[in-house]
Amino acid sequence: MHERVKIIRRDVAPHLPWQSFAIEDPLGDSVGESLRALAEHVVRAELDSTQIADLTRELHTLTEAFEQASPQRVRERIMGPEKTDEDVYRYIAFNPIRGSMNPLAAPLRVWAEGDGVRGEVRFGSAYEGPPGHVHGGHVAALFDDFLACVQALSGTRGFTGTLEIRFRAPTPLHTNLRLEGRFDQKEGRKILTRGAIFANEVLTAEALGTFIAPTPEHIEKLRRSMQENAKP
Amino acid sequence: MKSMEGVRSDVSLRKLVDSDEVQWNHYILEDPAGRALGDVVRKLFHQVALRDANARSLEDLAAGLERIVHKLEALPPRKLQRGMAKRATDCDVYLYESYSPLRGILNPIAPPIQIWIEGETTLGSVTFDAAYEGPPGHVHGGYVAAVFDELLGAAQTLSEKPGFTGTLEIRYLAPTPLYRELKLEGRCTGSEGRKVFAEGKIYAGERVLAEAKGIFIAPSGNAYEYLERQREQTASARETSANSIRNPST
Chain Y
1 MHERVKIIRR
11 DVAPHLPWQS
21 FAIEDPLGDS
31 VGESLRALAE
41 HVVRAELDST
51 QIADLTRELH
61 TLTEAFEQAS
71 PQRVRERIMG
81 PEKTDEDVYR
91 YIAFNPIRGS
101 MNPLAAPLRV
111 WAEGDGVRGE
121 VRFGSAYEGP
131 PGHVHGGHVA
141 ALFDDFLACV
151 QALSGTRGFT
161 GTLEIRFRAP
171 TPLHTNLRLE
181 GRFDQKEGRK
191 ILTRGAIFAN
201 EVLTAEALGT
211 FIAPTPEHIE
221 KLRRSMQENA
231 KP
Chain Z
1001 MKSMEGVRSD
1011 VSLRKLVDSD
1021 EVQWNHYILE
1031 DPAGRALGDV
1041 VRKLFHQVAL
1051 RDANARSLED
1061 LAAGLERIVH
1071 KLEALPPRKL
1081 QRGMAKRATD
1091 CDVYLYESYS
1101 PLRGILNPIA
1111 PPIQIWIEGE
1121 TTLGSVTFDA
1131 AYEGPPGHVH
1141 GGYVAAVFDE
1151 LLGAAQTLSE
1161 KPGFTGTLEI
1171 RYLAPTPLYR
1181 ELKLEGRCTG
1191 SEGRKVFAEG
1201 KIYAGERVLA
1211 EAKGIFIAPS
1221 GNAYEYLERQ
1231 REQTASARET
1241 SANSIRNPST
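Chains Y and Z supply the protein sequences, listed in that same order. The first sequence runs 1 to 232 under this note's numbering. The second sequence runs 1001 to 1250 under this note's numbering.
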């Protein structure tokens, strides 16, 4: 990782973690893209029984080789004060909605613009719910992550408390989607945000997200819960 | 369940409920080879998320994937199933579902969630791995929301006029752990004109982690036929975006 990834810290927006780093990781990006292409082709290709068996075997070999060559990630550090820029980058790179290296992520790109936050994403065939359109679950998932980015404008960051999504029109696949979000207000530990998704200038869905800033007790609970449960 | 023509001979439909009606919960698609393929890709995704890969092992992985994707690109595209249209065959319905991005065993991005109906209640089960991580050690809130869309979407099919998600309100009560079997429970709570109401909860053991309410809107006229027509028309857009997967412009 050290020799492979170039991390440039931008101090312009230290409170916006998704904007405070510029990353150069062509190898990680290319692995992410190949994994995405793999999922997309598995969903799209007409495969006969022999092709399925061959492909499964080839993927087993590849997965096992990778597993043996790579040590397990230390994920606990991200919770503590000793976390490095690289830990933060890595965390974002594996985010299941935004992460360039996570094939579950389309991925969503997010940036600050004016007094709000903007985003862009394009979904492929693997995300199909209604014919030709993005599964409603993935529209909802997009809002959770996007509004979690938007809340950073408040200067505080918390965990999702409530999320209300209103679906206005089917969201098309294979189309660049534009996201707009803004921070409304803070009420004690609550951070109120809202956002919308547009496809070709048509509003397809909008959402309200309330995030709750954690207390030190919350963080401690999360850490304990992680240690108790989160082992493969 | 007669029509299985055009489908691999090692795929079959097993009847769960004794009824002639075509319903998603009456049958299960048995496809061990397809499931194994879905599972190995899921395993690979998990390993990539879990490992501290060095440049060497990532290069090897990238080269191997390049070879495989290159072969897959040369294959003809799968026939699009009419999973929702009136003229869909039984087989179309089950194949469509097996590619669902949340429930589909053949879709590598699906965890996959299992959902079934017992009486008036819709039940489900799912376990998430590190690829779905949001807060450290826990499931990303977006996937919690996605589970509810699917769960409540299944629950509302028990109404007379099931439809598309109109609104979805999720309340997160506690972080949802990775690597634990989560239990899902949903029910249809009524309808009003074209609106259908549904509610659900996600549990780890006895503990409720999140709950949701949804309103689904029954489509007017032939919305499914319309969507499927649109889908066929976007086949060319789909091919264009196949290239953009490999060569993103940004």
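Using N, Cα and C, we set each Cβ at its ideal position, and we do this for glycine too. Fair warning: this is a prediction, and the values are worked out from it, not measured in the lab.
query                                                                                                                                  : result
Coil, strand or helix - E1120(Z) by DSSP                                                                                               : coil
Presumed contact (8 angstroms Cβ cut-off) between G1124(Z) and I1115(Z), rounded CB distance                                           : 4 angstroms
Test item: CB-CB of E1181(Z) and T1127(Z) under 8 angstroms                                                                            : yes
Minimum Cβ-Cβ distance from F1197(Z) to chain Y less than 8 angstroms                                                                  : no
CB of L1184(Z) within 8 angstroms of CB of G1214(Z), strictly                                                                          : no
Distance between S1098(Z) and D1010(Z) (C-alpha atoms, nearest Å)                                                                      : 15 angstroms
H1070(Z) classed as buried or exposed, judged by whether at least 16 other C-beta atoms fall within 10 angstroms                       : exposed
Per-residue burial, K1002(Z) [other beta carbons within 10 Å of its own, 16 or more giving buried]                                     : Reliability fails at K1002(Z), whose pLDDT of 46 lies under 50, so the model's placement of it is uncertain and the value that follows must be treated cautiously. With fewer than 16 other Cβ atoms within 10 Å, it is exposed.
Helix, strand or coil at K221(Y) according to DSSP, with G and I counted as helix                                                      : helix
Nearest-angstrom Cα separation, counted from G1186(Z) out to A1198(Z)                                                                  : 7 angstroms
9 angstroms Cβ cut-off: residues of chain Z touching A22(Y)                                                                            : Here the premise fails: no neighbours, minimum Cβ distance about 14 angstroms.
Cβ shell of A39(Y) (< 7 angstroms), same chain only, five flanking positions each side left out                                        : P103 and A126
8 angstroms Cβ cutoff, I1170(Z) in contact with chain Y                                                                                : yes
Closest residue to F146(Y) among R57(Y), I23(Y), I92(Y) and G132(Y) (Cα-Cα distance)                                                   : I92(Y)
Selection from P1101(Z), F1164(Z), A1204(Z) and R1207(Z) that minimises the alpha carbon distance to H138(Y)                           : P1101(Z)
Chain-ordered residues of the region 197–220 of chain Y with a beta carbon less than 8 angstroms from chain Z                          : none
Rounded C-alpha distance that separates G1166(Z) from G116(Y)                                                                          : 26 angstroms
T210(Y) - partner residues in DSSP beta bridges                                                                                        : T162(Y) and L192(Y)
Chain Z contact residues for V43(Y), given Cβ-Cβ distances below 9 angstroms                                                           : R1078, Y1099, P1101, G1104, L1106, N1107, P1108 and I1109
Other residues of its chain near G99(Y): CB distance less than 7 angstroms, five sequence neighbours each side excluded                : I92, A93, A105 and P107
For Q72(Y): DSSP bridge partner residues                                                                                               : R1051(Z)
Interface residues of chain Z facing K231(Y) [CB-CB closer than 7 angstroms]                                                           : Y1179
Reference A1154(Z); option with closest CA among G1142(Z), T1122(Z), D1129(Z) and V1139(Z)                                             : T1122(Z)
Where the region 95–108 of chain Y meets chain B: residues whose CB sits under 9 angstroms from a CB there                             : This model lacks chain B altogether, as its protein chains are Y and Z.
Chain-ordered residues of the region 1027–1053 of chain Z with a beta carbon less than 8 angstroms from chain Y                        : A1033, G1034, A1036, L1037, G1038, V1040, V1041, K1043, L1044, F1045, H1046, Q1047, V1048, A1049, L1050, R1051, D1052 and A1053
Three-state secondary structure (DSSP) of S1191(Z)                                                                                     : strand
Through-space distance from S1012(Z) to D1031(Z), alpha-carbon basis                                                                   : 7 angstroms
Three-state secondary structure (DSSP) of S1244(Z)                                                                                     : Unreliable positioning characterises S1244(Z) in this predicted model, as indicated by a pLDDT of 45, which lies under 50. The coordinate reading is nonetheless provided below. S1244(Z): helix per DSSP, three-state reduction.
Under 8 angstroms between C-beta atoms of L1037(Z) and T56(Y)                                                                          : yes
Neighbouring residues, chain Y, relative to V1069(Z) (Cβ below 8 angstroms)                                                            : S34, A37, L38 and H41
Endpoints, the alpha helix (DSSP H) within which A93(Y) is located                                                                     : D85 to A93
Segment contact, 8 angstroms Cβ cut-off, at least three pairs: the region 166–177 of chain Y with the region 213–232 of chain Y        : no
Whether D144(Y) touches G1190(Z) by CB criterion (8 angstroms)                                                                         : no
Extent of the continuous beta strand (DSSP E) to which Y1172(Z) belongs                                                                : F1164 to Y1172
Simplified DSSP assignment, three categories, for Y1132(Z)                                                                             : helix
Chain-order list of residues whose beta-carbon lies under 7 angstroms from that of A1110(Z) (same chain, five-residue window excluded) : S1100, P1101, L1102, R1103 and G1104
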